[in-house]
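Chemist: This is the structure I want to talk about, given as structure tokens.
Chains as they are written, first to last, in the UniProt record's numbering: chain L, 1 to 317; chain R, 1 to 317; chain Y, 1 to 317; chain Z, 1 to 317.
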């Protein structure tokens with residue numbers, strides 16, 4: 001396992017990492033989650049991603065319980081604040097919710113600080129000054145070492161840095177966007193000027209496009225799959241064209257490339273992301289421990305993605 | 001119940017809210033206050049207003065006891081500092097009183113922080129730098145999420161923002177002025193440039209002009225009324241012309257308008273305030289739980305205040 | 001008793017106040033000190049002055065014990081840091097000694113904060129940046145509400161303000177100089193530009209010039225007097241010319257003025273200081289509780305110091 | 001023993017001090033270490049140097065246990081952060097490691113703060129902004145009174161000051177370089193502009209060039225010597241030319257000078273460093289308590305290093 005810096009920051013995280021979205025507290029019970037984290041750590045994964053919204057907090061509670069097995073310094077733990085409940089001040093990035101949400105997350109995680117705290121979405125309803133000062137408060141009070149964003153636009157990130165500069169506040173160091181063979185625009189174009197300018201790091205989610213890049217949806221939606229289990233997710237993917245015929249065709253061609261290389265499509269998809277040096281870590285979500293083992297093979301697959309192969313992939317997507 | 005942002009800030013409060021002035025610890029005992037807060041919360045009110053001066057601290061003690069029933073994140077609690085006692089350093093906005101007052105209020109409220117902390121009046125005897133830095137200390141130490149002012153002039157608010165800017169300190173986000181059909185000058189004229197410029201929110205008190213806008217004083221002062229119970233308040237209203245013949249005439253005409261609309265005068269008076277979008281919340285003070293129910297009907301009355309009706313009201317006042 | 005603001009700050013202290021220098025833990029035992037503080041407080045004195053150096057910390061321990069009788073908000077307590085011991089880092093204004101000294105003083109005083117913390121002398125060996133940032137740390141951490149200086153030159157005060165401005169740190173608000181009928185230079189000339197410019201307040205010590213202005217040394221040094229008890233003090237006064245024949249003559253003439261007004265010389269001396277509106281408080285040091293009663297008569301003597309009398313005094317000194 | 005200021009700061013440390021590198025937890029067990037610290041303190045040494053890396057933390061644990069005998073204000077304790085373990089985030093100067101490392105060091109030292117915290121090496125992998133802000137956090141949270149660097153280049157120190165200035169953060173006050181008769185370049189040339197410009201102090205290590213300047217390696221490496229015990233150190237010295245024939249010849253000549261003066265070579269070597277007034281303290285590392293006594297004789301040797309002798313030494317080296 002290689003460790004990459006989170007952008008220009010001094011923090012180092014494993015190039016593959018373990019997320020808990022849709023899995024901890026849902027597809028994985030505490031014992032399966034424990035097994036997944038143990039194996040991940042044994043294989044060199046040191047970054048574990050979470051959010052207050054995942055499984056209504058249960059994902060944090062579960063991870064917090066398991067984290068007791070690990071030495072705090074040896075892991076990098078994140079959480080994200082935005083959706084903490086349905087009441088008027090339980091969502092968004094107001095100072096009230098950012099602080100109350102963080103305190104609650106830390107209680108569930110049984111930690112005194114997380115390494116990374118993300119603003120899970122942009123909040124146009126809260127002034128950037130308020131968001132940046134609340135994050136500054138969180139870092140300066142030792143509740144998090146670094147802060148970042150998730151799914152913010154380049155313009156919003158620019159504003160965050162401008163405001164942090166003006167208020168002499170702590171700057172964000174990382175973005176968590178969706179990034180995979182089928183969703184490239186933001187990471188490869190929109191954010192391009194920001195990597196150099198602000199030293200922004202990326203921890204990317206949905207590397208397999210919600211399972212689409214496993215190829216398992218090419219012949220319909222299997223009964224025990226994630227799309228079958230989470231209808232909201234399926235609807236979302238249908239609406240944004242992710243499940244389009246065109247995409248499924250691309251997936252088919254990519255599967256052939258993988259086959260030629262003697263690797264699985266998921267390994268090809270993950271390895272392809274790792275070739276992007278602006279990516280700090282690829283967050284894996286596994287519903288069975290075996291999937292983790294499968295995904296880890298992507299590390300070896302990296303070498304097979306020669307310049308020639310990369311060009312072929314480029315021509316497909 | 002609608003929720004409005006406190007100015008441009010990310011905090012959301014119910015358009016109607018419950019204050020404790022003259023009621024908690026005076027007209028309402030703990031059981032009545034508890035009942036009022038429960039019903040208010042059930043109807044969607046999430047903002048509860050207080051001050052160290054109310055009932056010499058007993059209003060805070062009472063509210064603190066009752067607040068234990070509520071989830072901290074679901075309520076927005078405020079208090080105000082200015083009059084904490086008669087000794088030389090127990091009033092005003094010196095760093096000493098702002099900090100000691102806040103610590104004492106939090107103890108009575110049994111909270112580790114309030115959401116909003118108001119400077120209950122301007123203090124010309126304390127430099128603005130001292131006030132702003134003390135408020136900054138309070139927010140940066142987690143004793144309050146936001147700070148605001150009450151009954152400050154536009155000029156004083158301008159100075160507070162100028163000083164906060166210069167010292168890189170936390171800015172105030174809210175003012176709590178008196179505002180009702182009979183007292184409009186400050187909110188509608190004096191503060192006008194500030195809403196846009198600083199994103200200032202308003203939580204307004206005395207929406208019924210100390211009961212004048214219930215119409216109950218049009219035929220003299222009933223024995224069990226607030227004016228009968230608090231002679232100081234009566235004297236104050238007499239001195240500032242609030243109880244003038246002219247005003248009582250206006251109230252009579254407004255009562256007719258209300259009658260035509262099939263609503264009570266208090267509902268008309270409250271709904272009229274809610275039509276002003278610079279107002280974040282109207283603070284209700286109730287001496288009986290039933291009054292709360294009556295006042296909440298203002299929410300439905302809003303719709304009846306068509307442009308035409310608003311013009312008619314305008315011509316009366 | 002009148003209360004004056006400490007310069008332009010919002011803090012209010014009694015125009016006469018009680019110091020502990022040379023008395024607490026020396027001429028006064030715990031019971032006498034308790035009696036002095038009780039009477040002082042009963043007469044309206046709210047400001048009690050101390051220093052880590054007084055009686056090697058015993059003055060603070062004694063005052064701390066007695067302060068338990070008082071409500072924290074009703075008193076203004078100060079201490080001063082500079083001489084905390086003989087070891088290399090136990091004196092001066094290094095960050096190490098300012099912080100360790102303050103922590104130790106607070107422990108002896110059994111307080112979590114003092115109202116005023118003074119740098120007891122200037123320290124040319126420590127950079128002004130270090131002093132100002134340490135004081136800023138102390139105020140921002142709630143160990144003191146305000147900070148000040150004692151016996152600093154106008155130039156040093158100017159530098160402190162310049163550095164505080166540059167570093168966006170908390171400014172000092174008060175100086176504690178020696179000031180009496182026989183030592184006027186610094187307060188009346190050197191500091192003159194600073195009162196307006198920085199709103200500096202003054203708490204003045206040695207108002208009776210170590211007893212010289214009681215007239216008791218005019219016929220030699222009585223056996224139980226302060227000068228007899230503290231030879232170092234006597235030597236100091238001899239060296240700086242305080243005990244010069246010229247001064248003793250002035251004292252004689254002033255005693256005659258006092259006699260004509262029907263008041264004592266000490267009352268005249270104290271009242272004369274109170275006529276200076278740049279003075280926030282005159283710190284009394286009493287070796288017997290009766291002296292306090294005597295000194296308090298100065299408040300009534302103020303009225304007798306008409307413009308004419310002030311002119312006469314001016315012509316003598 | 002003379003006490004010198006750490007550069008322009010207000011902190012005072014003994015010109016000779018006791019380090020724990022390679023000794024505490026290695027050549028010295030707890031009882032020997034205790035004896036060394038007691039004697040050192042008795043002779044006036046008030047500065048005790050440590051690092052998280054020394055004996056894998058055991059050096060701090062040992063010193064922490066012994067420090068309980070001393071009054072906290074009377075000692076100056078340092079530690080250094082850089083190498084805290086082998087995991088990705090256990091080394092370097094990331095915010096994560098600087099904070100976690102400091103917390104861990106303080107636990108081992110059983111202290112709530114150190115006086116000096118050093119960045120044990122520069123970390124080109126972490127942005128200077130992150131390092132400076134983490135050190136600022138540490139000082140502003142009371143975990144250290146001052147921060148410094150060890151083995152940083154003049155360029156890196158310039159950048160640290162520039163960044164601290166820009167971010168209004170606490171500046172470093174001290175560097176800990178290697179400095180002795182055989183390694184002079186950095187202290188005497190590279191750093192030269194920095195002493196005046198930033199008031200930088202120096203605590204220097206390896207004053208006897210790992211024992212080379214005792215003369216004991218001139219006839220080969222004795223079995224119980226440091227170079228025999230630490231092969232890594234020996235290799236390092238061989239590689240950087242320290243053990244070159246040229247150097248051994250110089251040592252021979254210097255031994256003759258010492259002999260003429262009637263002092264030992266180590267005393268001459270230490271006294272020669274003390275003649276440099278940019279040096280705040282020379283850190284001694286002793287593997288036997290007797291070495292400490294020997295080294296302390298350097299204080300008397302200082303006088304023998306007349307201008308003439310200094311010239312002679314200069315001509316040799």
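Using N, Cα and C, we set each Cβ at its ideal position, and we do this for glycine too.
Kindly say whether residue 96 of chain L, judged by its beta-carbon, lies nearer than 8 Å to any beta-carbon of chain R.
Modeler: Closer than 8 Å: yes.
Chemist: With 8 Å as the threshold, decide whether the Cβ of residue 136 of chain Z is near any Cβ in chain Y.
Modeler: Taking Cβ atoms only, chain Y never reaches closer than 8 Å to residue 136 of chain Z, which makes this a no.
Chemist: Should residue 42 of chain L go down as buried or exposed, given a rule of 16 or more other Cβ atoms within 10 Å for buried?
Modeler: So residue 42 of chain L counts as exposed.
Chemist: If we ignore side chains and look at the alpha-carbon of each, how far apart do residue 206 of chain Z and residue 285 of chain Z end up?
Modeler: Going from the Cα of residue 206 of chain Z to the Cα of residue 285 of chain Z covers about 8 Å.
Chemist: Quick one: Cα of residue 150 of chain Y to Cα of residue 123 of chain Y, how far?
Modeler: Cα to Cα, the separation comes out at about 11 Å.
Chemist: Decide yes or no for the touch test of the segment 109 to 125 of chain R against the segment 74 to 83 of chain R: beta carbon pairs closer than 8 Å, at least 3 of them.
Modeler: Yes: the two stretches touch, three or more of their Cβ pairs being nearer than 8 Å.
Chemist: What residue ranges within the segment 73 to 111 of chain L form continuous beta strand (DSSP E) runs of no fewer than 3 residues, ordered along the chain?
Modeler: Complete beta strand (DSSP E) runs here, min 3: 76 to 81.
Chemist: What does a CB cutoff of less than 6 Å around residue 243 of chain R pick up in its chain, not counting 5 residues either side in sequence?
Modeler: Correct list, in chain order: 237.
Chemist: Measuring only the C-alpha atoms, how far is residue 31 of chain L from residue 24 of chain L?
Modeler: When rounded, the distance between both Cα atoms is 10 Å.
Chemist: Consult DSSP for residue 175 of chain R and reduce its assignment to one of helix, strand or coil.
Modeler: Of the three classes helix, strand and coil, the one that applies to residue 175 of chain R here is strand, per DSSP.
Chemist: Starting from residue 195 of chain Z, trace the alpha helix (DSSP H) both ways and give me its first and last residue.
Modeler: Counting along the chain, the alpha helix (DSSP H) containing residue 195 of chain Z begins and ends at 192 to 198.
Chemist: Roughly how many whole angstroms lie between the Cα atoms of residue 263 of chain R and residue 7 of chain Y?
Modeler: Straight-line Cα distance between these residues: approximately 56 Å.
Chemist: How about residue 100 of chain Y: is its C-beta nearer than 8 Å to some C-beta of chain Z?
Modeler: Yes, contact with chain Z.
Chemist: Looking at the strands, I want to know which residues DSSP matches up with residue 323 of chain Z.
Modeler: The question about residue 323 of chain Z has no answer, for chain Z in this structure spans 1 to 317.
Chemist: Assign residue 4 of chain Z to one of three DSSP states: helix, strand, or coil.
Modeler: Reduced to three states, the DSSP call for residue 4 of chain Z is strand.
Chemist: Are residue 59 of chain Y and residue 46 of chain Y touching if we call contact CB-CB under 8 Å?
Modeler: Cβ distance not < 8 Å, so residue 59 of chain Y and residue 46 of chain Y don't count as in contact.
Chemist: Along the chain, where does the alpha helix (DSSP H) containing residue 137 of chain Y start, and where does it finish?
Modeler: Note, residue 137 of chain Y: alpha helix (DSSP H), 128 to 140.
Chemist: Tell me, please, which residues DSSP counts as bridged to residue 49 of chain R.
Modeler: Residue 49 of chain R is bridged to R/19.
Chemist: Around the Cβ of residue 166 of chain Z, are there at least 16 other Cβ atoms within 10 angstroms (buried) or fewer (exposed)?
Modeler: So residue 166 of chain Z ends up on the exposed side.
Chemist: For residue 168 of chain Y, count the other beta carbons within 10 Å of its own beta carbon; 16 or more makes it buried, fewer makes it exposed. Which is it?
Modeler: Label assigned to residue 168 of chain Y: exposed.
Chemist: DSSP three-state label for residue 283 of chain Z, please.
Modeler: Three-state result, residue 283 of chain Z: strand.
Chemist: What residues in the segment 18 to 48 of chain Y have a beta carbon less than 8 Å from any beta carbon of chain R?
Modeler: Listed by position, the residues of the segment 18 to 48 of chain Y near chain R (Cβ gap below 8 Å) are 46.
Chemist: Distance check for residue 222 of chain Z and residue 143 of chain Y, CA to CA, integer angstroms please.
Modeler: If you take the alpha carbons of residue 143 of chain Y and residue 222 of chain Z, they lie about 56 Å apart.
Chemist: Strictly under 8 Å for the Cβ-Cβ distance: is residue 74 of chain L near chain Z by that measure?
Modeler: True, the Cβ-Cβ gap to chain Z drops below 8 Å.
Chemist: Under the three-state reduction of DSSP, which class applies to residue 147 of chain R: helix, strand or coil?
Modeler: Looking at residue 147 of chain R - three-state DSSP - the assignment turns out to be strand.
Chemist: What's the call for residue 310 of chain Z, buried or exposed, on a 16-neighbour Cβ count within 10 Å?
Modeler: Exposed is the call here.
Chemist: From the DSSP output, in three-state form, read off residue 269 of chain L for me.
Modeler: The answer is helix: DSSP assigns residue 269 of chain L an H, G or I state.
Chemist: For residue 247 of chain L and residue 266 of chain L, which I take to be in contact (beta-carbon distance under 8 Å), what is that distance rounded to the nearest angstrom?
Modeler: Wrong, their Cβ atoms sit about 16 Å apart, outside the cutoff.
Chemist: How many angstroms separate the CA atom of residue 300 of chain Z from the CA atom of residue 261 of chain Z?
Modeler: Between residue 300 of chain Z and residue 261 of chain Z, the C-alpha separation is close to 12 Å.
Chemist: Give every residue of the same chain whose Cβ lies closer than 6 Å to the Cβ of residue 135 of chain Z, excluding the five residues on either side of it in the sequence, and list them in chain order.
Modeler: So the qualifying residues of the chain are 147.
Chemist: So the candidates are Z/255, Z/214, Z/67, Z/180; which of them puts its Cα closest to the Cα of residue 276 of chain Z?
Modeler: Checking every option, the nearest Cα to that of residue 276 of chain Z belongs to Z/180.
Chemist: Taking Cβ to Cβ, would you say residue 163 of chain Z is nearer than 8 Å to residue 202 of chain Z?
Modeler: No, the pair does not count as a contact, with Cβ atoms beyond the cut-off.
Chemist: From which residue to which residue does the beta strand (DSSP E) around residue 12 of chain Z run?
Modeler: Looking at the DSSP string, the run of the beta strand (DSSP E) that includes residue 12 of chain Z is 12 to 14.
Chemist: Which bits of chain Y does residue 8 of chain Z rub up against, with CB to CB less than 8 Å?
Modeler: Here the neighbours are 127.
Chemist: Please classify residue 228 of chain R as buried or exposed, where buried requires at least 16 other C-beta atoms within 10 Å of its C-beta.
Modeler: Looking at its Cβ environment, which holds fewer than 16 other Cβ atoms inside 10 Å, residue 228 of chain R is exposed.
Chemist: Can you give me the C-alpha to C-alpha distance between residue 251 of chain R and residue 218 of chain R, rounded to a whole angstrom?
Modeler: Cα to Cα, the separation comes out at about 8 Å.
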